[in-house]
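Just so you know, we're using numbering that gives the first Met the number 0 here: the sequence shown kicks off at 0 and counts up by one. A virtual CB, placed ideally from N, CA and C, is assigned to each residue, including glycine. The structure presented is a predicted model; accordingly, all values stated were derived computationally and were not measured.
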Amino acid sequence: MSVLANRHIPVFGLCPICKRGAEDLKHLMFTCDRAKEVWLSLGLQETIAHAEALDRSGCVILESLLRDKRRKSAILKHIGFQEIILVGSWYIWWQRRESVKGEVAASPPKSALAIHAITTNYAGASSAGQITEEKWSKPCHNMYKMNGDACFMEDRCGAIAAVLRNHHGQALDGSSSLVSHVRDAPSAEAMALKNGMMLADQLGCSNITFESDCLEIILACKGEVDILGPYSAILSDCFILAQRIGSVSYAHCPRGANQVAHKLARCCYDSNSVISWDNDPPQFILAELVSDVSLI
Numbered sequence: 000m001s002v003l004a005n006r007h008i009p010v011f012g013l014c015p016i017c018k019r020g021a022e023d024l025k026h027l028m029f030t031c032d033r034a035k036e037v038w039l040s041l042g043l044q045e046t047i048a049h050a051e052a053l054d055r056s057g058c059v060i061l062e063s064l065l066r067d068k069r070r071k072s073a074i075l076k077h078i079g080f081q082e083i084i085l086v087g088s089w090y091i092w093w094q095r096r097e098s099v100k101g102e103v104a105a106s107p108p109k110s111a112l113a114i115h116a117i118t119t120n121y122a123g124a125s126s127a128g129q130i131t132e133e134k135w136s137k138p139c140h141n142m143y144k145m146n147g148d149a150c151f152m153e154d155r156c157g158a159i160a161a162v163l164r165n166h167h168g169q170a171l172d173g174s175s176s177l178v179s180h181v182r183d184a185p186s187a188e189a190m191a192l193k194n195g196m197m198l199a200d201q202l203g204c205s206n207i208t209f210e211s212d213c214l215e216i217i218l219a220c221k222g223e224v225d226i227l228g229p230y231s232a233i234l235s236d237c238f239i240l241a242q243r244i245g246s247v248s249y250a251h252c253p254r255g256a257n258q259v260a261h262k263l264a265r266c267c268y269d270s271n272s273v274i275s276w277d278n279d280p281p282q283f284i285l286a287e288l289v290s291d292v293s294l295i
């Protein structure tokens, strides 16, 4: 900074993000309000606070974190602690750089999701494990994808869930609800589809693909088979909703590519409570969301 000042290049001592602290390495990486929120979303706020107490130098704090004996991340146990610290530090710096250039930085929870995804890519590339073929795919540019699934039990009760994501793979919204007196499993899947369509209609989304792992329902929606099952009335409601939404398509996906909606429905049933969110998804589906957007 002093070199720039000597060359008569304007410099400012305050942090361009929070406008309060003096911008040194410690503030940039650890004590800036936004950096703290990112570390909080990564589940590392207590670890960072403990390291901050060791020294005033940002370099020393970072070194102490990298020399820490723990080996696993706080939230996703399949990635390393040191790797999440390095990627997190770089990402915080990169978003600070983007903000200075006038770009809009993502919210701390979304930044944490991106950090987990980048670190997961590294972990996957470094391991000798097999690459799974059942992979969720992002929708095309400026389109959305709604994944739906149902948890159906022998007593004809269960839960349904829907998750909306954009072409970046970001989970924008999600909802789940309990159901009872359901005739059969395909009927439960049809109810999950209707739940997703109602959510899309409420949000005003169009250009959307509705995806399910129930091939019977998807073929019925595409008109490739006759609708003769007990879910015919439910699909009739779905077709009315589809006309309101506009630019609707349907796609089948394997169970392995529908894990986010599946886990959301299962947790709704197990907890016997409705689970919904907008923008910031619950932490219990974070691993599945990260897996879906990782490249490996």
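Burial state of E97 is exposed, judged by a 10 Å Cβ sphere holding fewer than 16 other Cβ atoms. Taking E62 as reference, the option from L75, I84, G123 and A170 with the minimal CA-CA separation is I84.
The shortest CA-to-CA distance from W276 to any of L198, A256, E223 and M152 is the one to L198. Distance from the CA atom of K71 to the CA atom of S175, rounded to whole angstroms, is 31 angstroms.
When R265, C150, G195 and V259 are compared, the shortest CA-CA separation from D236 is found for G195. I207 sits away from K137, with the two beta carbons spaced by 8 angstroms or more. For C58, no beta strand (DSSP E) encloses it; the enclosing alpha helix (DSSP H) starts and ends at G57 to L65. A distance below 8 angstroms separates the beta carbons of L288 and L112.
Counting the other Cβ atoms within 10 Å of the Cβ of G222 gives fewer than 16, which makes it exposed. For the set E45, L64 and S211, the Cα lying nearest the Cα of S248 is the one of S211. Taken in chain order, the unbroken stretches of alpha helix (DSSP H) that lie wholly in the segment 99–129 and span 4 residues or more are 107–125.
Sorting T30, I114, C150 and P280 by C-alpha distance to the C-alpha of Y268 places C150 at the top. Following the DSSP letters along the chain, one finds G157 inside the beta strand (DSSP E) bounded by residues G157 to R164.
Counting only runs that start and end inside the segment 200–275, the alpha helix (DSSP H) elements of at least 4 residues fall at 214–221, 231–244 and 258–270.
Beta-bridge analysis with DSSP links G79 to K71. The Cβ neighbour count for K18, taken over all protein chains shown within 10 Å, is under 16; the residue is labelled exposed. If you look at K35, you'll find it in the alpha helix (DSSP H) that goes D32 to S40. Straight-line measurement puts the Cα of N141 at about 10 angstroms from the Cα of S205. Here the alpha carbons of A219 and D225 stand approximately 6 angstroms from one another.
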